[in-house]
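Q: The sequence shown runs 48 to 822 under the numbering used here. My structure is below; once you've seen it, I'll send some questions.
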Amino acid sequence: MRPDPVPLSRAQRLLLAAASFLLLATAAMALGPLIAGSGWWWLCAFVAGGVLFAGTALRALRTPASLVPVLELVVLLLLLTLVFGGTSSIALVIPTQGTFEVFDGLLSGAQRTIEQQSVPAIPVPPLLFALALGIGLLAFVTDILVQTLRVPALAAVPALVPILVPGFIIEAGAEGPTLVLTAAAYLLLLRVDVRVRRRARFLAGDEGDDAPTVVPPKRVPIVSTLGASLGLAAVGLLTASVLAASTPSVSTSLLLGTPGQGTLFARGVSPFIDLGRDLRRPEPRPAFHYFARDADRPYFTLLTLDRFEGEVWGVGDRAVDGDNTVDAMPRPDGLSEEVETSEHPIEVIVDEVRTTWLPVPYPATRIEGLSGSWFWDAGSLAVRSVDTNTGGQRYQVTRLEVEPTVAQLRGASAMVPPGLEVNLTLPDDAPPIIAETAASVTAGTASKYDAAVAIQSYLRSSPFDYSTEAPVTDGYDGGGFDVIAQFLETKAGYCVHFASTMAVLAREAGIPSRISLGYTQGSPSQERVDGVQRVEVDSHDLHAWPELYFEGVGWVPFEPTPGRGSVPEYSRPGAGDGTGAAVPNSAPATPGASGRPDRELDSGLADQSGGGATVDSWWQRGVALGIVVVLVLLLPAALRLGQRWTRRRRIASGQRPADAAWDEVIATARDLGAGGDVAVTPRAFAAAAAEREAFGGAEPLSSLLALRDAVERERYGPGAGPAPRASELEANLANVRAALRHDAAPAARARAVLVPRSLFDAARRPFGERPPAGA
């Protein structure tokens, strides 16, 4: 991988930069299934082009070669500052300390959005920053490989990064057309490099035996060239397809949790925006089971979404507080002493769910028996770990049952406490139907509580249907403004749509709201332990529901999804006036194939793979990925070994044996950096090689000359003539190869095995670079 000794002109550098840019820009298209819209791609193209063409401009200005990579990184920093630095920079491009603080916040936000979003992800600024930084670094590596080290064949390595990423996130991996276009861009880069290299060599004006000689060659049929080109393209496409399909895919959605804790590649819980995809999985997977006395059947919360940006619901950006240990948890926010409460112990045993968020009833007062470090989140009291996950956990949680009266809820103050403003925030671009619906439904209500009950009753009324298919068929799956607006028109959806719609309508009515993700009560089994019934919770129990805040009571759950879960007594219409009016509901649920009502199929994910073959820990995934990477790195060595074996078969079978032996000599020299240029004749090569120290002995030199004479007779001699014996050719070939290897440095020998230069030369020749006749 030595730099090419032949200098390139400015135009030639520009051509290589353009081909490199096309390769990266095309490869970045593979991320399309993961990210919504196309604006992110234009940003990536802008950053990649800036880095690549900046390198070309620096070389055109005769910048010292050692400074070009450093200055390219400076250009990347300036571009990121221009796009993301904002007012923290000087003249929009010069970063300051504040700029780096902004970058740090964007990187942290990128981690959160990757953890919380599903595919296709909304390209929020933190995610865009991560994409821009990543593509900029890939452009930097590509430029070094193509322009500095002059090994454009290795540009496939950075280009494979965006190709492989979808395989870790979605089952389908990268799309076929993207693979085809990327392979075409890669072949174009090799073609441009061949043309540039040939032109530069002819313009270099070498003298003596190294001078290129134009000799009219025999015409190679176009079918031969086309066949070789198509063959190389097929190999590239096949390799990319196999890699994209064989990378360990986790599911069609990103999972919650911190990647460093292994949850990204484990059985976990999908964000609610992607819940519908999991609802259509026919077979449930066990999540956990629990034992609760007094027939206690609570909902289990995993995490709470309180940040709404118009398109995405997300978890608040509060950092983990090391003092918030779960052995003693605080009283819920806003809960006064006047509200009646009682404590209930529950024992939970995790089966298959794997996530860094712990399923616990809200609110809980303490949790015991957990392994690892677990902390509660201020406000939501959601419990998460920083060094483990729920796998194999068995713990005891004490639930605080809150039993407010209708009078207490109706008499709650309308003032919003400090700190809860985020739970009232709505972006300005809300579709008109949302405000109109909120005003219509809550018209005439006497209190915030009555408005909340009216919204729940409206969503559970007969015009609304529970459906997992309608949002997909009509294209409004999710929880953003546009989705809610279409849901209010079509009136068909599942828990995600009902929960997000009620949360937004409540905010329109001035009631702080948030969304909880977790599980419904589960299904009692026949098993009892010490008289306590076992309750099974599986993937078909995963659910989303809204919680509304009332001062003096705190966060209160509601159930707007028809046919799902249980409606709290305090939220039933007429609960406070003694009428006991029934809650409007959808059609009665009918038993499904499993014997459980179909209404229970408001689920998510306990086994993202749909089977038992999911790998449960990061190190196992890492080992699999490491094996794939090693195999890819060893592929050139394997191909070179196969090439050598083929030539030895030709020697043994007598199919132009001297030519096969000499080709192997030239390939070995080429791999070791000991000459072997395609424009050099056998006699010129033998003369140059004979001057090497390793050929000072009689045996290596005589073997070299014998091979030279044999190939000249076979290529240029009149008539067929007697073919040399295979044993002699093989012995001479072994002596010459041993001498060439002995004369090379250890690094050159290692490079010859792992990155055989002759193999890449063979790949280039079908694109225009052929040895002159007689070489």
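Each residue gets a CB set at the ideal place from its N, CA and C atoms; glycine is no exception. These figures come from a predicted structure and were not determined experimentally.
(1) Whose C-alpha, out of Val430, Leu352 and Thr73, is nearest the C-alpha of Ile210?
(2) Would you mind reading off the limits of the alpha helix (DSSP H) that contains Tyr496?
(3) With a threshold of 8 Å, are at least 3 pairs of Cβ atoms found where one atom belongs to the stretch 398-415 and the other to the stretch 435-444?
(4) Measuring CB to CB, does Asp380 end up less than 8 Å from Arg561?
(5) For Ser805, does the three-state DSSP call read helix, strand or coil?
(6) So the candidates are Ala101, Ser586, Gly419 and Val373; which of them puts its Cα closest to the Cα of Pro116?
(7) Taking only three categories from DSSP, how would you classify Val727?
(8) What three-state label does DSSP hand Arg703 in the structure shown?
(9) How far does the beta strand (DSSP E) with Pro392 in it extend, from its first residue to its last?
(10) Decide if Val758 is buried, meaning its Cβ has at least 16 other Cβ atoms within 10 Å, or exposed.
(11) What is the DSSP secondary structure of Ala64, counted as helix, strand or coil?
(12) When DSSP labels each residue in this structure, what does Ile698 get in the three-state scheme?
(13) Given this structure, state the Cα-to-Cα distance separating Ala44 from Gln194, to the nearest angstrom.
(14) For Ser383, which option in Tyr596, Arg694 and Thr492 has the closest C-alpha, if you only look at C-alpha atoms?
(15) So, does the CB of Ala498 fall closer than 8 Å to a CB anywhere in chain B?
(16) What is the DSSP secondary structure of Tyr233, reduced to helix, strand or coil?
(17) In the DSSP assignment, the alpha helix (DSSP H) including Ile562 goes from what residue to what residue?
(18) Within 10 angstroms of its Cβ, does Thr472 collect 16 or more other Cβ (buried), or is it exposed?
(19) Can you have a look at Val444 and say buried or exposed, based on whether 16 or more other CB atoms are within 10 angstroms of its CB?
(20) Quick one: residues in its chain with C-beta nearer than 7 Å to the C-beta of Arg739, no 5 flanking neighbours on either side, listed in chain order?
(21) Would you kindly check if the distance between the Cβ of Ile481 and the Cβ of Ala532 is under 8 Å?
(22) Got a sec? Which residues, its chain only, sit under 7 Å from Phe68 by beta carbon, not counting five neighbours each side?
(23) Grab me the residues of Phe807's own chain with a C-beta within less than 6 Å of its C-beta, minus the 5 sequence neighbours each way, in chain order.
(24) Please classify Gly426: is it buried, with 16 or more other beta-carbons within 10 angstroms of its beta-carbon, or exposed?
(25) When the Cα of Trp42 is compared with those of Glu598, Pro604 and Glu583, which residue comes out closest?
(26) Leu78 and Ala127 - do their beta-carbons sit closer together than 8 Å?
(27) Would a C-beta distance cut-off of 8 Å place Glu390 and Gln455 closer than the cut-off?
(28) Give the C-beta separation of Leu120 and Phe187 to the nearest angstrom, bearing in mind that I take them to be a contact with Cβ-Cβ under 8 Å.
(29) Does the beta-carbon distance from Leu70 to Ala202 come in below 8 Å?
(30) Suppose you measure from the CA of Ser298 to the CA of Gln568; what does that come to, to the nearest Å?
(31) Is Glu775 helix, strand or coil by DSSP?
(32) Taking Cβ positions, are Gly496 and Arg457 nearer each other than 8 Å?
(33) When you compare only the Cα positions, how much space is there between Pro345 and Val576?
(34) According to DSSP, is Tyr541 part of a helix, a strand, or is it coil?
(35) Run through DSSP, which three-state label would Phe605 get?
(36) Taking DSSP as the reference, what is the three-state secondary structure of Glu222?
A: Let's see:
(1) Thr73
(2) Lys495 to Leu506
(3) yes
(4) no
(5) helix
(6) Ala101
(7) coil
(8) coil
(9) Glu387 to Val397
(10) buried
(11) helix
(12) helix
(13) In the structure as shown, the chain starts at 48 and stops at 822, and residue 44 therefore has no counterpart that could be examined.
(14) Tyr596
(15) In the displayed structure, chain B is absent; only one protein chain is listed.
(16) helix
(17) Counting along the chain, Ile562 falls outside any alpha helix (DSSP H), though it belongs to the beta strand (DSSP E) covering Ser560 to Tyr566.
(18) exposed
(19) buried
(20) Asp790
(21) yes
(22) Ala95, Gly96 and Leu99
(23) Ala200
(24) buried
(25) Nothing about residue 42 can be reported from this structure: the residues present for the chain run from 48 to 822 only.
(26) Reading off the sequence shown, one finds Leu at residue 127, where the question assumed Ala. Going by C-beta atoms, Leu127 is not nearer than 8 Å to Leu78.
(27) no
(28) 6 Å
(29) yes
(30) Any reading at Ser298 needs caution, since the residue's pLDDT is 33, under 50, leaving its predicted position unreliable; the model's value is listed next. Cα to Cα, the separation comes out at about 26 Å.
(31) helix
(32) Going by the sequence as given, residue 496 is Tyr instead of Gly. Yes, the pair counts as a contact, with Cβ atoms nearer than the cut-off.
(33) 19 Å
(34) coil
(35) coil
(36) coil
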